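Be aware that the sequence shown starts at 1, since it is given in the UniProt record's numbering, and climbs by one per residue.
See below for the structure under consideration.
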Amino acid sequence: MLSQAILDMVNYYGWTRVSLLYDSDDALLRLQELLKSPARTKMELKIRKLRRGDGEGVLKDCKLDGSNKIIIDVSYEKLPRVLHKALQLGMMTHFYHYIVTSLDLGTIDLENYRHGDVNLTAFRLVDNKNPRVQEVLRDWTRVRESSNVISGTIKDGLTTSVALMFDAIYVLVAGLEGSDVGQEISLSKLSCDNRKAWLYGHTVLNYLKIAELQDGLSGRIKFDSNGQRTKFTLDVMELREAGLTKIGTWSAGERQALNITDRSLSGSNVTNSLRNKTLIVTTILEKPYVMQRRSDEELLGNDRFEGFCIDLLNEIAAILGFKYEIYLVPDGQYGAPMEDGEWSGMVKELIDQRADLAVAPLTISFIREQVIDFSKPFMNVGVTIMYRVPTRTNPGVFSFLNPLSYDIWLYILLSYLAVSGVLFVLARFSPYEWYNPHPCNPNSEYLENQFTLLNSMWFSIGAFMQQGSEIMPRALSTRLVSGAWWFFTLIMISSYTANLAAFLTVERMESPIESSDDLAKQTKIKYGTLDFGATQTFFKNSKIPTYEKMWAFMSSQEPSVFTKSTEEGIDRVLNENYAFLLESAMNEYFTHRNCNLTRVGGLLDSKGYGIGTPEGSPIRDKITIAILQLQEAGQIQMLYNKWWVNMGQCSNDDNKEASALGVANVGGIFIVLIAGLVVGILVAIIEFIWKSRSTQERDKQHMQNLSDVFKGSLSMAPSPNFVLPTNTNIIPRLKTQKNDYDDYCLKQ
Numbered sequence: 001m002l003s004q005a006i007l008d009m010v011n012y013y014g015w016t017r018v019s020l021l022y023d024s025d026d027a028l029l030r031l032q033e034l035l036k037s038p039a040r041t042k043m044e045l046k047i048r049k050l051r052r053g054d055g056e057g058v059l060k061d062c063k064l065d066g067s068n069k070i071i072i073d074v075s076y077e078k079l080p081r082v083l084h085k086a087l088q089l090g091m092m093t094h095f096y097h098y099i100v101t102s103l104d105l106g107t108i109d110l111e112n113y114r115h116g117d118v119n120l121t122a123f124r125l126v127d128n129k130n131p132r133v134q135e136v137l138r139d140w141t142r143v144r145e146s147s148n149v150i151s152g153t154i155k156d157g158l159t160t161s162v163a164l165m166f167d168a169i170y171v172l173v174a175g176l177e178g179s180d181v182g183q184e185i186s187l188s189k190l191s192c193d194n195r196k197a198w199l200y201g202h203t204v205l206n207y208l209k210i211a212e213l214q215d216g217l218s219g220r221i222k223f224d225s226n227g228q229r230t231k232f233t234l235d236v237m238e239l240r241e242a243g244l245t246k247i248g249t250w251s252a253g254e255r256q257a258l259n260i261t262d263r264s265l266s267g268s269n270v271t272n273s274l275r276n277k278t279l280i281v282t283t284i285l286e287k288p289y290v291m292q293r294r295s296d297e298e299l300l301g302n303d304r305f306e307g308f309c310i311d312l313l314n315e316i317a318a319i320l321g322f323k324y325e326i327y328l329v330p331d332g333q334y335g336a337p338m339e340d341g342e343w344s345g346m347v348k349e350l351i352d353q354r355a356d357l358a359v360a361p362l363t364i365s366f367i368r369e370q371v372i373d374f375s376k377p378f379m380n381v382g383v384t385i386m387y388r389v390p391t392r393t394n395p396g397v398f399s400f401l402n403p404l405s406y407d408i409w410l411y412i413l414l415s416y417l418a419v420s421g422v423l424f425v426l427a428r429f430s431p432y433e434w435y436n437p438h439p440c441n442p443n444s445e446y447l448e449n450q451f452t453l454l455n456s457m458w459f460s461i462g463a464f465m466q467q468g469s470e471i472m473p474r475a476l477s478t479r480l481v482s483g484a485w486w487f488f489t490l491i492m493i494s495s496y497t498a499n500l501a502a503f504l505t506v507e508r509m510e511s512p513i514e515s516s517d518d519l520a521k522q523t524k525i526k527y528g529t530l531d532f533g534a535t536q537t538f539f540k541n542s543k544i545p546t547y548e549k550m551w552a553f554m555s556s557q558e559p560s561v562f563t564k565s566t567e568e569g570i571d572r573v574l575n576e577n578y579a580f581l582l583e584s585a586m587n588e589y590f591t592h593r594n595c596n597l598t599r600v601g602g603l604l605d606s607k608g609y610g611i612g613t614p615e616g617s618p619i620r621d622k623i624t625i626a627i628l629q630l631q632e633a634g635q636i637q638m639l640y641n642k643w644w645v646n647m648g649q650c651s652n653d654d655n656k657e658a659s660a661l662g663v664a665n666v667g668g669i670f671i672v673l674i675a676g677l678v679v680g681i682l683v684a685i686i687e688f689i690w691k692s693r694s695t696q697e698r699d700k701q702h703m704q705n706l707s708d709v710f711k712g713s714l715s716m717a718p719s720p721n722f723v724l725p726t727n728t729n730i731i732p733r734l735k736t737q738k739n740d741y742d743d744y745c746l747k748q
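So this is what it looks like as structure tokens:
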């Protein structure tokens with residue numbers, strides 16, 4: 001029954017790693033239910049037998065391997081020595097939780113352990129404050145004084161064995177009285193060596209099974225058909241500063257045997273004991289979490305440090321009411337497993353229980369959770385890439401072409417040519433595009449079509465430039481094509497205009513890397529992480545192909561790409577062709593303070609920073625509750641803004657006012673304008689020369705005519721000296737056409 005009670009307590013506390021200390025093989029028989037538990041659950045049970053009377057050896061083993069959930073099953077005589085040795089070894093602190101199987105822990109002097117914050121749980125069958133027990137104690141004292149009886153059995157109260165012996169006599173009397181009612185029982189000489197059973201043995205045994213005692217010293221006494229005691233109750237006791245305190249009961253035979261009535265006390269003395277207690281805190285210098293405070297005066301103790309984690313620790317300490325002492329981790333590392341199985345950094349400090357808390361940007365990881373405990377994360381982060389700010393480049397004189405890709409520009413050109421060609425062909429085929437240029441002569445056989453090839457191209461380019469032209473389509477077919485072209489140009493010009501401002505004003509950052517994939521695909525830029533940190537462990541254990549490739553590159557580089565500190569990594573980023581992989585919060589902090597640094601890409605993973613505690617420490621849950629309370633109140637966000645945003649030195653480019661456009665932004669537009677002017681002038685000269693050459697064939701005075709025509713072209717008023725050549729065939733043709741038209745109109 002006691003074994004089941006202990007197992008229920010272990011399950012109630014949620015223990016997964018338990019050490020059993022025993023001094024005799026009888027303990028293994030008594031604790032059968034506990035020994036069977038690992039086969040049914042995931043509990044890890046280590047069984048250690050005491051070799052010495054005080055158990056020094058096994059206690060040291062428990063301390064070395066981090067076992068802090070211990071069940072002690074030793075004799076009543078050895079128990080005080082074992083507890084005293086645990087005190088000498090520094091194992092009577094809140095890190096440890098003991099369950100003592102002895103039912104007589106209350107009769108042992110526990111004065112030296114009450115103020116050590118140790119978690120000590122036991123069971124009690126006999127309540128020495130029970131009036132019935134007090135009456136027996138008074139009777140025993142009178143008998144001992146009157147008869148000079150000397151006994152060490154009773155000192156601070158009745159032991160369980162004495163109380164059970166007392167109850168056994170009462171039960172035997174009750175059984176004999178019951179059997180005497182039915183028949184005569186005669187006593188004979190009995191021998192322990194005689195194998196022959198007593199004639200009335202079975203009869204007495206049957207009466208004992210049905211005997212029931214309500215007010216026994218050990219509580220209610222009743223047996224089942226097998227002679228096992230049932231329906232009894234054990235008090236669950238925990239050690240407090242005031243002594244052993246009852247926190248619940250365990251009832252044999254009940255479906256819900258364990259009943260904890262005071263959950264505020266159950267399982268952890270840390271609730272009240274943290275008040276005015278001093279905790280040892282280990283940390284590491286890491287901006288802006290923990291930094292050396294600058295002062296002209298010599299600073300001592302906790303005043304030497306400042307930062308986000310220090311402020312967070314102050315807030316938690318104010319909530320829980322404890323004091324603390326900070327020391328820097330000796331090796332300056334966060335903590336990672338070594339080749340020999342040992343750990344380094346702050347994790348080792350917690351494993352060796354030299355520190356109560358590790359308050360730092362300590363990443364919560366699976367491998368660390370195997371050896372220490374973490375609070376809920378106070379900050380969520382992820383691995384990012386830090387690189388130096390790339391050189392800024394101006395958009396370029398032809399940046400007005402950037403809103404659309406070169407492919408789109410090509411497609412627009414092809415569309416323009418296609419639409420012009422379709423208009424030209426449709427206008428030739430459609431009879432409605434042919435019209436009489438002389439409306440006064442409706443019978444004229446001379447018809448014109450405005451959509452020549454050049455006019456079709458001029459119409460299309462005018463519509464595209466949102467300017468229009470004097471040419472208007474007449475036929476339904478050409479109007480449909482024109483409408484489709486207008487809709488196309490409307491959407492295209494609107495899209496172009498919407499993106500033009502961004503491409504003209506934004507200075508591009510030309511960076512050789514944009515993501516982790518870019519890093520993995522090249523070898524020119526070196527990259528690495530903080531040595532013996534969670535980021536290094538992430539790449540080392542990652543199964544993602546890109547990260548595996550990156551780890552293979554990093555681990556093969558000589559000299560090493562891993563840094564001893566974050567500052568060393570930043571220095572390499574600024575002075576070498578190097579990219580530093582670190583948590584996003586640190587990346588953001590340093591990029592806010594050094595404008596030559598920038599973050600590249602997004603998060604490579606997602607994880608959190610937590611406060612570390614030794615494995616099984618009851619402090620963890622209280623720290624977690626305090627963190628959740630601070631998060632809900634917005635205090636942690638305020639601390640983040642204080643150390644990251646408000647103290648930043650680099651302005652946010654997103655908040656900068658738009659700068660005026662310069663020649664570098666729109667110079668290409670002027671180039672296009674100048675090019676258009678130059679080409680227009682050249683074309684005009686070519687047309688002029690071409691026409692003059694054709695005239696020269698009909699006029700021998702080419703040079704004189706050329707001079708006269710040129711002077712006449714430059715004159716603002718008609719010149720009397722400007723005479724068109726008389727031997728050209730143009731003038732007769734023009735006159736003939738004009739006279740025919742005038743004669744027709746006059747006749748009308």
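Positions of the beta carbon are idealized from the N, C-alpha and C atoms, including for glycine.
The model shown is predicted, which means the values in this text are computed figures rather than measured ones.
query = Whose C-alpha, out of K526, S102, Y289, is nearest the C-alpha of N161?
reply = Counted from its first residue, the sequence shown places residue 161 at position 161. According to the sequence displayed, residue 161 carries Ser and not Asn. Nearest of K526, S102, Y289 to S161, Cα basis: S102.
key: Where the alpha helix (DSSP H) through K622 begins and ends   = Taking the sequence shown and counting its residues from 1, one reaches residue 622 at position 622. 619-632 is the extent of the alpha helix (DSSP H) around K622.
message = Three or more C-beta pairs under 8 Å: does that hold for the stretch 375-384 against the stretch 469-483?
response = no
message = For Y406 and L414, I'd like the C-alpha separation in whole angstroms.
response = As a working mapping, residue 406 is identified with position 406 in the sequence shown. As a working mapping, residue 414 is identified with position 414 in the sequence shown. For Y406 and L414, the distance between alpha carbons rounds to 12 Å.
key: Bridge partner(s) assigned by DSSP for S19   = Mapped onto the sequence shown, residue 19 falls at position 19. DSSP, once it has assigned bridges, lists K46, I70 as partnering S19.
query = Tell me which same chain residues have a C-beta within less than 7 Å of the C-beta of D517, skipping the five on either side of it?
reply = Counted from its first residue, the sequence shown places residue 517 at position 517. Within the same chain, D517 has close Cβ partners T546.
ask   = Of all the CB atoms in chain C, is at least one closer than 8 Å to the CB of L79?
value = Checking the listed chains, one finds no chain C in this structure; it contains a single protein chain.
query = Which residues in the same chain have their Cβ closer than 7 Å to the Cβ of L574, if we skip the five residues on either side of it in sequence?
reply = Counting from 1 along the sequence shown, the entry for residue 574 is found at position 574. R388, N596.
task = Would you kindly work out how many angstroms separate the C-alpha atoms of N302 and G14, rounded to a whole number?
result = In the sequence shown, residue 302 corresponds to position 302, counting from 1. In the sequence shown, residue 14 corresponds to position 14, counting from 1. Their Cα atoms are separated by approximately 35 Å.
message = Here's a check: name, in chain order, each residue in its chain whose Cβ is nearer than 6 Å to the Cβ of A355, leaving out the five neighbours to either side.
response = As a working note, residue 355 is residue 355 in the sequence shown. Excluding sequence neighbours, A355 sits near I280, T282, E349.
key: For I284 and L328, believed in contact at Cβ under 8 Å, the rounded distance   = Numbered from 1 along the sequence shown, position 328 holds the residue referred to as residue 328. Numbered from 1 along the sequence shown, position 284 holds the residue referred to as residue 284. Yes, L328 and I284 are in contact; Cβ-Cβ is about 7 Å, under 8 Å.
message = Checking 8 Å against the spacing of the C-beta atoms, do L357 and T93 come in under that value?
response = Here residue 357 corresponds to residue number 357 of the sequence shown, with the count starting at 1. Here residue 93 corresponds to residue number 93 of the sequence shown, with the count starting at 1. It is not a contact, given that the beta carbons lie outside the stated cut-off.
ask   = Run through DSSP, which three-state label would E687 get?
value = Position 687 of the sequence shown, counted from the start, is the residue given in the question as residue 687. Reduced to three states, the DSSP call for E687 is helix.
ask   = Which first and last residues belong to the alpha helix (DSSP H) in which N206 is found?
value = On the sequence shown, residue 206 is found 206 positions in, with the first residue counted as 1. Run containing N206: 201-210, per the alpha helix (DSSP H) assignment.
task = Going by CA-CA distance only, name the one from E632, D127, E342, F232 that's closest to M1.
result = Sequence index remark: in the sequence shown, residue 1 carries index 1 (1-based). For M1, the nearest C-alpha among the options comes from F232.
task = List the endpoints of the continuous alpha helix (DSSP H) containing E548.
result = Locating residue 548 in the sequence shown gives position 548, where the first residue counts as 1. From DSSP, the alpha helix (DSSP H) with E548 extends over 545-555.
ask   = Considering only the beta carbon of each residue, do R48 and G243 sit closer than 8 Å?
value = By 1-based counting over the sequence shown, the position of residue 48 is 48. By 1-based counting over the sequence shown, the position of residue 243 is 243. Against a cut-off of 8 Å, the Cβ pair of G243 and R48 comes out as no contact.
ask   = Can S385 and V371 be called in contact, C-beta distance under 8 Å?
value = What you label residue 385 is simply residue 385 of the sequence shown in a count that begins at 1. What you label residue 371 is simply residue 371 of the sequence shown in a count that begins at 1. Inspection of the sequence shows that residue 385 is occupied by Ile rather than by Ser. Result no, Cβ atoms of I385 and V371 do not sit closer than 8 Å.
message = Can you tell me where the alpha helix (DSSP H) holding V638 begins and where it ends?
response = As a working note, residue 638 is residue 638 in the sequence shown. Here residue 638 turns out to be Met, not Val, going by the sequence shown. From DSSP, the alpha helix (DSSP H) with M638 extends over 635-640.
query = With C-beta atoms as the reference, is D605 less than 8 Å away from F553?
reply = On the sequence shown, residue 605 is found 605 positions in, with the first residue counted as 1. On the sequence shown, residue 553 is found 553 positions in, with the first residue counted as 1. No, these two residues do not count as a Cβ contact at 8 Å.
ask   = Assuming A579 and I525 make a contact with CB atoms under 8 Å, what is their CB distance in whole Å?
value = The count along the sequence shown starts at 1 and reaches residue 579 at position 579. The count along the sequence shown starts at 1 and reaches residue 525 at position 525. Right, the Cβ-Cβ distance comes to about 6 Å (below 8 Å), so this counts as a contact.
ask   = Helix, strand or coil for D167 per DSSP?
value = Counting from 1 along the sequence shown, the entry for residue 167 is found at position 167. Of the three classes helix, strand and coil, the one that applies to D167 here is helix, per DSSP.
message = So the candidates are Y432, L453, R593; which of them puts its Cα closest to the Cα of S477?
response = One-based indexing of the sequence shown puts residue 477 at position 477. The shortest C-alpha separation from S477 is found at Y432.
Proximity below 8 Å, CB of P439 to CB of Y446 = As a working note, residue 439 is residue 439 in the sequence shown. As a working note, residue 446 is residue 446 in the sequence shown. No, Cβ-Cβ distance for P439 and Y446 is not below 8 Å.
request  = On the DSSP bridge assignment, give the partners of E325 in chain order.
outcome  = As a working mapping, residue 325 is identified with position 325 in the sequence shown. Looking at the DSSP assignment, E325 forms a beta bridge with I280.
request  = Can you check DSSP and say which residues form a bridge with G612?
outcome  = For the purposes of this step, residue 612 is identified with residue 612 of the sequence shown, where counting begins at 1. Answer is A358, F374.
task = Give a yes or no on whether the C-beta atoms belonging to D127 and V133 are separated by under 8 Å.
result = On the sequence shown, residue 127 is found 127 positions in, with the first residue counted as 1. On the sequence shown, residue 133 is found 133 positions in, with the first residue counted as 1. Yes, the pair counts as a contact, with Cβ atoms nearer than the cut-off.
key: Integer-rounded CB distance, given that F532 should sit under 8 Å from G345   = Your numbering for residue 345 matches position 345 in the sequence shown. Your numbering for residue 532 matches position 532 in the sequence shown. Yes, G345 and F532 are in contact; Cβ-Cβ is about 7 Å, under 8 Å.
Outcome for M716 when other beta-carbon atoms lying within 10 angstroms are tallied against a minimum of 16 = Counting from 1 along the sequence shown, the entry for residue 716 is found at position 716. Residue confidence for M716 is low, a pLDDT of 49 falling below 50, so the modelled location carries little weight and cannot support an answer.
query = Quick one: what does DSSP say E306 is sitting in, helix, strand or coil?
reply = Residue numbering aside, residue 306 sits at position 306 when the sequence shown is read from its first letter. E306 falls in the strand class under three-state DSSP.
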